[in-house]
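Student: The following block contains the structure, expressed as structure tokens.
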Amino acid sequence: MPRFPGRLFAALTLVAVFGLAGCTGSSSAPGPVAGDGATSTAGETPGAEATTPSSAGDASSTPAASTASEGAQRLPLFSQTVASVWAGPNPVSGRAYIDALTAAGFDKAAMQVTADESTIGNAAESIEFAVRLSDECLVGQVGPSIGDPVTTVLPGLSSGGCLIGQTRAIDW
1081 MPRFPGRLFA ALTLVAVFGL AGCTGSSSAP GPVAGDGATS TAGETPGAEA
1131 TTPSSAGDAS STPAASTASE GAQRLPLFSQ TVASVWAGPN PVSGRAYIDA
1181 LTAAGFDKAA MQVTADESTI GNAAESIEFA VRLSDECLVG QVGPSIGDPV
1231 TTVLPGLSSG GCLIGQTRAI DW
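So, in structure tokens, the structure goes:
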């Protein structure tokens, strides 16, 4: 007879769990919460415009210029520049991306980049770089661990930057 109370408790627990599962108060599908540190890809962050090099020149992937933010308007050029460096001889060199973005007309003083090497001197699995545009950031990520380059528009951080964590000085 000791099994009966345990089974009853388990059954009541399941009923309570399933009963409360419908009480979320939201009709949208679950996804990352803004500011949770999740890596953004196309469609994950509300309001973020993301693209890969294959869609960078596709006019249907960007909103109309009259309603698009500065970040959304400049994302195609950013993405195209990133794709050209990725296809070149230094695909995982932060300096190569910063130099190419500067040559494309982006403000070097508004950029951030992560290190090309790990703390023990190994090549980085991926690097990130960003350009601050008003209250938005154009952010790119490249590296052998992620495949094709990823570029997106994200909200700027309240600290004034775009990237969380340690970045290296752009002193060249």
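The working numbering numbers the first residue of the sequence shown as 1081 and each following residue consecutively.
Ideal Cβ positions, reconstructed from N, Cα and C, are used throughout, including at glycine.
The model shown is predicted, which means the values in this text are computed figures rather than measured ones.
1. Just to confirm, are residue 1229 and residue 1219 a CB contact at a threshold of 7 Å?
2. Is DSSP giving residue 1218 helix, strand or coil here?
3. According to DSSP, is residue 1237 helix, strand or coil?
4. Around the C-beta of residue 1178, are 16 or more other C-beta atoms found within 10 angstroms, so that it is buried, or is it exposed?
5. Can you tell me whether DSSP reads residue 1248 as helix, strand or coil?
6. Under the rule that 16 or more other beta-carbon atoms within 10 Å means buried, what is residue 1147, buried or exposed?
7. Residue 1213 bridges to which residues according to DSSP?
8. Relative to the alpha-carbon of residue 1187, which residue among 1166, 1154, 1194, 1169 has its alpha-carbon at the smallest distance?
9. Can you tell me whether DSSP reads residue 1174 as helix, strand or coil?
10. Based on DSSP bridge pairs, tell me the residues matched to residue 1192.
11. Keeping to the same chain, check which residues put their C-beta closer than 7 Å to that of residue 1214; ignore five residues upstream and five downstream.
12. Select from 1170, 1181, 1176, 1171 the residue whose C-alpha is nearest the C-alpha of residue 1159.
13. Going by the CB atoms, is the gap between residue 1205 and residue 1243 shorter than 7 Å?
14. Within its chain, find whatever has a CB closer than 7 Å to the CB of residue 1249; leave out the 5 residues flanking it on each side and keep chain order.
15. Return the CA-CA distance between residue 1226 and residue 1183, expressed in angstroms with no decimal places.
16. Buried or exposed: which applies to residue 1216, given that a residue is buried once 16 or more other Cβ atoms fall within 10 Å of its Cβ?
17. Who does residue 1201 pair with in a DSSP beta bridge?
Tutor: So, from the data block:
1. Position 149 of the sequence shown, counted from the first residue, corresponds to residue 1229. Position 139 of the sequence shown, counted from the first residue, corresponds to residue 1219. It is not a contact, given that the beta carbons lie outside the stated cut-off.
2. Counting from 1 along the sequence shown, the entry for residue 1218 is found at position 138. Strand.
3. Against the sequence shown, residue 1237 aligns to sequence position 157. If DSSP states are grouped into helix, strand and coil, residue 1237 belongs with coil.
4. Reading the sequence shown from its first residue, position 98 is the one you call residue 1178. It is buried - the Cβ of residue 1178 has at least 16 other Cβ atoms within 10 Å.
5. As a working mapping, residue 1248 is identified with position 168 in the sequence shown. In the structure shown, residue 1248 sits in coil (DSSP, three-state: anything other than H, G, I, E or B).
6. Counting from 1 along the sequence shown, the entry for residue 1147 is found at position 67. The residue in question, residue 1147, is exposed, as its Cβ has fewer than 16 Cβ neighbours within 10 Å.
7. As a working mapping, residue 1213 is identified with position 133 in the sequence shown. DSSP output for residue 1213 lists 1216 as bridge partner(s).
8. As a position in the sequence shown, residue 1187 is number 107, starting the count at 1. Nearest of 1166, 1154, 1194, 1169 to residue 1187, Cα basis: 1154.
9. What you label residue 1174 is simply residue 94 of the sequence shown in a count that begins at 1. Residue 1174 falls in the helix class under three-state DSSP.
10. As a first step, residue 1192 must be located in the sequence shown, where it is residue number 112. BP columns for residue 1192 point to 1210.
11. Residue 1214 sits at position 134 when you count from the first residue of the sequence shown. Only 1150 meet the Cβ criterion.
12. On the sequence shown, position 79 is the one that residue 1159 refers to. The candidate whose alpha carbon is nearest that of residue 1159 is 1181.
13. Walking along the sequence shown from the start, residue 1243 turns up at place 163. Walking along the sequence shown from the start, residue 1205 turns up at place 125. Against a cut-off of 7 Å, the Cβ pair of residue 1205 and residue 1243 comes out as no contact.
14. The count along the sequence shown starts at 1 and reaches residue 1249 at position 169. Cβ within range, chain order: n/a, list empty.
15. Position 146 of the sequence shown holds residue 1226. Position 103 of the sequence shown holds residue 1183. Residue 1226 and residue 1183: Cα-Cα distance of roughly 25 Å.
16. As a first step, residue 1216 is located in the sequence shown; it is residue number 136 there, counting from the start. By the neighbour-count rule (16 or more Cβ atoms within 10 Å), residue 1216 is buried.
17. As a working mapping, residue 1201 is identified with position 121 in the sequence shown. Answer by DSSP bridge pairing: none, since residue 1201 is not bridged.
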